[in-house]
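One structure is given here, and the rest of the page talks about it.
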């Protein structure tokens, strides 16, 4: 097991990474203000891991209730969130009851938001079971739900008490979702650490085969980079926006294709290629850099090109993204591989060339 | 105009109190990160004051959109809140768009919660138009909505940028609601300032006649006491709970009688009398203190006795209140007039005697 601390003053918390963590209640119990928890999971993950986590916690004297949500981004809605509130109120959960998110990013985002709002804030612990959620949504404190007019538009910043990333749970993850998680891992290399990018290029086959040492390192380094960025800018004033490399384009792809058709990581992968191409258009990256970006994305089993969408659809969808200020679209681009920058200075002609090739 | 500052470090904000503030956009504009606002009001208040506030803001160069919600506690729900999100997203409101709550406590709580959640947090300004919201919900940062199983169960702490309490708006407030607001004013005297209680006893007729100097003083002193308590305990760890004098009983009355039948302030008034009676039962207050409590409540036009409810209904409803810890009911009682205490040590026999007289 490796442990990393996200440094946020009195809201600092540990991320534990490694095999077999589901059974280790001693990593959770010290964070509970009361030995009472509500595990929130989904219909896919609960049959695989809920009993084990429950047994471990009950063995440590914790009273465990649970609520199982339908699985999928389509259910990241108020209606589903309300099932958590119904369960909490039905069980008379109190302000010191801790929520535990057992599942992927959707479960984590919704559980975190439920914890942020229930009685105006209760503690929560993340037990992410997908690579995407292990490297991404378990660091940063972003929680929320979707609105028909935009993704993640309703939410809160709410930090967990602890994160347990059990790498064993990736054994049951579909290959397509593993690849989607690798998109975010690649992102950390692209925005902040060209050496990590090179390590990923050399180790992609081991990662896709779930080699334990490789996967633990990839998660650890990804969380480390994200934690550094988040610690420097907890509430997304500036630097933190670089974590959105590929996301402005990616959200437009997800929205333009209908949520759920492209996985978030797939859309981000294609979005990172678009960001690289835009960066080349601005003279920051060379052809070889763009080729390298496409190659690592392909090696991870991800799409290296965006789907065809009308130009107006792109602009419309990107305008709903949160990275808008004063009505002007802002993009995260690459000054070079390993160094992201934020810019509002992308001419529409350049965008049009790249989006409608 | 009187101005009071709620001292919360970098989230400190002013409360302006006095006549004619609706027209004074210069009190709002310095708090806007962008000259763009969304006014949230309700179907009762909007026809009275929305045009005036809008004209003042537009005169100061602010772009003003609005959304008008149905009026009443029954609409303090997710469905109504979603009308605000629909409007914000429909207007493409950004992270620097400011929400302005124009209305009573329900509008304030929902607007504040919408501001807390929209894109994970945007600024908001309170323009409370009822006495209750001027003395109570505009200080403290509590926002939220109701759930079928409990009042204010879903919410957030989110501080406004500024509060404008225009005392002229009380002219259109029904007398019954003015009395309900006075319940909270009386509460501040009971929990923290016996001299203010005496001043209220001497000036109740002037207050009910909306004498400008008297009403401004009552609002100012109430906000001052609440601000002191909140500044000492922003997130409700301890002291702040004294603000809930009468509320545990009051919530049970509101819930037991069906929300909307008793006004919140009416239920709190009867709840404060029950708290005084319980305090006498524990030997803290004398008969004269209880009589004085009942008399000031009656003088304000408020009920000085609770409705008849089955004992189990009381216990059941109070158990859903947020002031529960470790399954034990906690009460805010009076050590003496002007000094509230929090206790978990009320024997069930005592409760039964007081609730089922």
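Residue numbers (the working numbering), protein chains in the order written: chain A, 85 to 441; chain B, 85 to 441.
Each residue gets a CB set at the ideal place from its N, CA and C atoms; glycine is no exception.
Check, Outcome
"Whole-Å CB distance - residue 92(B) paired with residue 243(B), under 8 Å assumed", "6 Å"
"Proximal residues, the region 376-398 of chain A versus chain B, C-beta separation under 8 Å", "none"
"Near-chain A residues of the region 238-251 of chain B (beta-carbon distance less than 8 Å), N- to C-terminal order", "238, 239, 240, 241"
"DSSP three-state assignment for residue 166(B), whether helix, strand or coil", "helix"
"Residue 305(A): contacting residues in chain B (beta-carbon distance under 7 Å)", "Ordered by position in chain B, no residue passes the 7 Å Cβ test against residue 305(A), which lies about 26 Å from the chain."
"Euclidean distance between Cα positions of residue 296(B) and residue 98(B)", "20 Å"
"Pair within 7 Å by beta-carbon distance, residue 234(B) and residue 173(A)", "yes"
"Proximal residues, the region 354-379 of chain B versus chain A, C-beta separation under 8 Å", "none"
"The region 124-133 of chain B / the region 174-188 of chain B touching (three or more Cβ pairs under 8 Å)", "yes"
"Three-state secondary structure (DSSP) of residue 118(A)", "coil"
"Residue 349(B) beta carbon less than 7 Å from that of residue 265(B)", "yes"
"C-beta contact flag for residue 424(A) and residue 270(A) at 7 Å", "no"
"Every unbroken alpha helix (DSSP H) inside the region 126-214 of chain B [4 residues or more]", "135-143, 162-174, 189-201"
"Interface partners of residue 324(B) on chain A, CB under 8 Å", "Within chain A, no residue comes near residue 324(B); the closest Cβ sits about 12 Å away, beyond 8 Å."
"Residues bridged to residue 100(B) (per DSSP)", "87(B), 248(B)"
"Cβ-based neighbour list, residue 380(B), same chain, cut-off 6 Å, excluding 5 preceding and 5 following", "270, 285"
"Residues near residue 311(A) in its chain [Cβ-Cβ closer than 6 Å; skip 5 each side]", "90, 223"
"Residue(s) in a DSSP beta bridge with residue 228(B)", "239(B)"
"Where residue 162(A) meets chain B, residues with beta-carbon distance less than 8 Å", "162, 166"
"Residue 282(B) in three-state terms, based on DSSP", "helix"
"Cα-Cα separation between residue 414(A) and residue 336(A), rounded to whole angstroms", "14 Å"
"Among 88(A), 359(A), 115(A), 161(A), the one whose alpha carbon lies nearest that of residue 389(A)", "359(A)"
"Residue environment, residue 277(B), which counts as buried when at least 16 other CB atoms sit within 10 Å", "buried"
"Residue 329(A): CB within 6 Å of a non-hydrogen atom of the ligand FAD", "You won't find the ligand FAD in this model; it holds no ligand whatsoever."
"Environment of residue 213(B) [buried if 16+ CB atoms lie within 10 Å]", "buried"
"Test: residue 234(B) CB closer than 7 Å to a CB of chain A", "yes"
"Environment of residue 208(A) [buried if 16+ CB atoms lie within 10 Å]", "buried"
"Stretch pair the region 287-307 of chain A + the region 238-254 of chain A: three plus CB contacts closer than 8 Å", "yes"
"Cut-off 7 Å between Cβ atoms - residues of its own chain near residue 130(A), not counting five sequence neighbours on either side", "152"
"CB contact flag (residue 198(A), residue 168(A), <7 Å)", "yes"
"C-alpha distance - residue 189(A) paired with residue 216(A), whole-angstrom precision", "7 Å"
"Residues, ordered as in the chain, of the region 166-188 of chain A that lie near chain B by beta-carbon distance below 9 Å", "166, 169, 170, 172, 173, 174, 176, 178, 179, 180"
"Boundaries of the alpha helix (DSSP H) in which residue 352(B) is found, first to last residue", "348-365"
"Which of helix, strand or coil DSSP assigns to residue 423(A)", "strand"
"Residue 87(A) classed as buried or exposed, judged by whether at least 16 other C-beta atoms fall within 10 angstroms", "exposed"
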